[in-house]
Every structure is written in C-alpha cells, then in structure tokens.
Amino acid sequence: MSNPENLLAHSESLFQVLRNIAPTVVFSLDWSPDNDTVWESEYGEQEDLMSYIADVSVVAILEGVMVKSNIYLGDCWEVPGDFDEDIGGYLPQMLKESADNLLREQLSLPLEIRNQLLAATIFLSSEMTRRWKKQQEEKIWKKSEILK
Numbered sequence: 009m010s011n012p013e014n015l016l017a018h019s020e021s022l023f024q025v026l027r028n029i030a031p032t033v034v035f036s037l038d039w040s041p042d043n044d045t046v047w048e049s050e051y052g053e054q055e056d057l058m059s060y061i062a063d064v065s066v067v068a069i070l071e072g073v074m075v076k077s078n079i080y081l082g083d084c085w086e087v088p089g090d091f092d093e094d095i096g097g098y099l100p101q102m103l104k105e106s107a108d109n110l111l112r113e114q115l116s117l118p119l120e121i122r123n124q125l126l127a128a129t130i131f132l133s134s135e136m137t138r139r140w141k142k143q144q145e146e147k148i149w150k151k152s153e154i155l156k
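My numbering applies: residue 9 is where the sequence shown begins, and numbers increase by one.
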C-alpha cells in the first residue's frame, strides 16, 4: 500500500480512499433535519440556512447481519442541498471514531474486516495529522506576513 499521506492527494475524496483501503466496509455520511435547534439571533441573519444533523456511519456484514456504528453531530447549519461534505473538518475524526467503535463493539468481526478497519483508522489518523500540520503551517505563514 502507498504512503497514507499521499493517498488523499491523488484521490477525489476521503470516501474513495476508504473504499480502496477497506472494500468490505461501508463508510457514509448522511444529513437529516435537526428540528430541535434554534438559530441564535447573535449569529446574524439566518438567511437560507437550516440546521442539520450529520450522521457518519461505518457498516460491515457479520454472518449475514448488518453491524453498524454511528457518530452524530447536530447543529450543523447548511444551505439545503449544499452540504459541507467535510463537516467543517470533522469528517476524518468522526469516521475514525465510528470505525473504532465498531471494532470495540463487534469483537467477533472476521479478521479480514478487522484488518481493513484498522488500516482505515491508521489512514484517518494520518489524515488528521496531515491536516493539523497544514493548519499550523498556515498559522505560521500568516504570523510571518503580519510581522513583515
């Protein structure tokens, strides 16, 4: 397998990389209206935004039965039909947490699926680290521009 840090640079999406790493596991992101959230007037005008819940799931099949782990994030304000597919940068963390939960909760998963989930969590950890380093570099660059 390639260096995980290089995988995303040559791929269309996080999900595509995960399909290659763990072909027998389904990683997904779904959105549903969050009817319990109220727009706070201190945020300004609501405009066309609606509150949604981001539902990140990891699914595997165990002896003909679907086993699933979900992580939810509510209070995501989005324009209907124009969702932030990275959930403001939280997507890799949520996918990793969901995969970790599935590994922990389903101890009888076949070795092949466990290994694929472990490989996916390693990739997601490296992706989070890569993003954090990039963010730190941007902060340093901005500070250096201010000091000029």
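All C-beta atoms in this analysis are idealised placements derived from N, C-alpha and C, irrespective of residue type, glycine included. Computed from a predicted structure; not experimentally measured.
Inter-residue spacing [alpha-carbon to alpha-carbon] between residue i and residue j
| i | j | result |
| --- | --- | --- |
| D108 | D90 | 29 Å |
| L125 | I154 | 43 Å |
| P31 | R122 | 12 Å |
| S21 | K151 | 31 Å |
| D56 | Q144 | 33 Å |
| L26 | V87 | 27 Å |
| S160 | I79 | No statement about residue 160 is possible, as the shown extent of the chain runs from 9 to 156 and does not include it. |
| S36 | A62 | 10 Å |
| D160 | D94 | What the structure shows of the chain is the stretch from 9 to 156, and residue 160 is not part of that stretch, so it cannot be assessed. |
Coarse secondary structure for residue i, derived from DSSP in three states
| i | result |
| --- | --- |
| V25 | helix |
| L37 | strand |
| W47 | coil |
| G52 | coil |
| E13 | Summary for E13: the model assigns pLDDT 46, below 50, so the residue's position carries little reliability; its value from the coordinates is reported in the next sentence. Of the three classes helix, strand and coil, the one that applies to E13 here is helix, per DSSP. |
| E93 | coil |
| E86 | strand |
| S59 | strand |
| L125 | helix |
| L99 | helix |
| S134 | helix |
| S243 | Nothing can be reported for residue 243: it is not among the residues displayed for the chain, which extend from 9 to 156. |
Under 8 Å between C-beta atoms of residue i and residue j
| i | j | result |
| --- | --- | --- |
| L110 | V66 | yes |
| S116 | L70 | yes |
| W47 | Y60 | no |
Counted within 10 angstroms of its Cβ, other Cβ atoms place residue i as buried (16 or more) or exposed
| i | result |
| --- | --- |
| E135 | buried |
| K104 | buried |
| T137 | exposed |
| V33 | buried |
Item to check | Stretch pair the segment 92-99 + the segment 47-61: three plus CB contacts closer than 8 Å | outcome: no
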